[in-house]
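For reference, the structure is listed below as C-alpha cells.
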Ligand code: S3P
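Numbering (the working numbering), first residue to last: 9 to 184.
So, in C-alpha cells, the structure goes:
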C-alpha cells in the first residue's frame, strides 16, 4: 500500500494533519523532521546553528531515501523537502502527495506561536515568509497530486477532504 505524503510550507498543518490522518487510517505516522532530530540527537534549530542549512538539507535528503522504504505510512515532510528535484522524485516514488496550503496571514499567525524554525528567526519575519512562500509555491504545486487549503479549516475537516480524495482515487482500496 502506498504512503501518503504531506508537503507544504511551514505552518500549513502537516504535522497535526498527518497525526490525525494516520490515526483515522490506523497507519504509522512518520514525522521526518522529528526523526531527523531523534537520529541526530539534536534539534533542527541547533543543527542549523552548528553546521548550517546545507548540513540539514543533506540529512533531509537521506531521510527521504529512508522514507521511500516505508509502505502504508503517513509521512509529514519539512517545508523545504521539495527544494531539491531529487527529493521530489523520491517522495513521488513512495506514494501519493498531498500539498497543504494556507494564506500568508494564517502562516504568519501559526508560525509566530513558536520560535523553533531557524529560517524564521529573523527580525523581518513577515518579509521572509512572503519571499520564501512566493519562491516555493510553484514547487509545492508541481509536486502535488492533491491540494488542500487549510487556512479556514479545522484539522478534522482537512483530514475528511484528504480521505474523500484518497477514496475516490482508489488509494484506500475500500478501507476507512
Ligand atoms: C523548513 C521547515 C521546517 C524544518 C526546517 C526547514 C523549511 O519544517 O524542516 O526548519 O525550509 O521550510 P516545518 O515545515 O515542519 O516547519
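Don't be surprised by glycine CBs; every beta carbon is placed ideally from N, CA and C. Values in this document were obtained by computation on a predicted structure and should not be read as measured data.
DSSP beta-bridge partners of residue 172: As a first step, residue 172 is located in the chain shown; it is residue number 164 there, counting from the start. DSSP lists no partner for residue 172.
Within the segment 91-136, note down every full alpha helix (DSSP H) run reaching 4 residues or more, in order along the chain.
For secondary structure counted as the alpha helix (DSSP H) over 4 or more consecutive residues, the segment 91-136 holds these complete runs in sequence order: 93-102, 112-119.
Rounded straight-line distance, which links the Cα of residue 169 to that of residue 182: For this step, residue 182 is matched to residue 174 along the chain shown. For this step, residue 169 is matched to residue 161 along the chain shown. Model confidence at residue 182 stands at a pLDDT of 49, short of 50, so the residue's coordinates are unreliable; what they give is reported in the following sentence. Approximately 16 Å between the Cα atoms of the pair.
_Taking only three categories from DSSP, how would you classify residue 41?_
Sequence index remark: in the chain shown, residue 41 carries index 33 (1-based). It is helical.
Point to revise | Run of the beta strand (DSSP E) containing residue 49, from where it starts to where it stops | key: Here residue 49 is taken as the residue at index 41 of the chain shown, counted from 1. Element bounds for residue 49: n/a, residue is neither H nor E.
task = Could you tell me the distance, in whole angstroms, from the CA atom of residue 179 to the CA atom of residue 41?
result = Taking the first residue of the chain shown as 1, we reach residue 179 at position 171. Taking the first residue of the chain shown as 1, we reach residue 41 at position 33. For residue 179 and residue 41, the distance between alpha carbons rounds to 25 Å.
Quick one: is the Cβ of residue 115 within less than 6 Å of any heavy atom of the ligand S3P? Numbered from its first residue, the chain shown carries residue 115 at position 107. No, the Cβ of residue 115 stays beyond 6 Å of every heavy atom of the ligand S3P.
DSSP on residue 15, reduced to helix/strand/coil? Position 7 of the chain shown holds residue 15. Taken through DSSP and simplified to helix, strand or coil, residue 15 comes out as strand.
Item to complete: Could you say which of 157, 175, 176 lies nearest to residue 25 if we only look at CA atoms?
Response: Locating residue 25 in the chain shown gives position 17, where the first residue counts as 1. The shortest Cα separation from residue 25 among 157, 175, 176 belongs to 157.
Enclosing beta strand (DSSP E) for residue 63 [first to last residue] = The residue labelled residue 63 in the question sits at position 55 within the chain shown. Element bounds for residue 63: not the beta strand (DSSP E) but the alpha helix (DSSP H), 61-75.
> Are three or more beta carbon pairs between the segment 120-135 and the segment 74-85 nearer than 8 Å?
Replying inline: no
N-terminal and C-terminal residue of the beta strand (DSSP E) that residue 84 is part of: Counting from 1 along the chain shown, the entry for residue 84 is found at position 76. Run containing residue 84: 82-84, per the beta strand (DSSP E) assignment.
Note down, in chain order, each residue of its chain lying with its Cβ closer than 7 Å to the Cβ of residue 35, except the 5 sequence neighbours on either side. Within the chain shown, the letter at position 27 stands for residue 35. Answer for residue 35: 80, 81, 82, listed in chain order.
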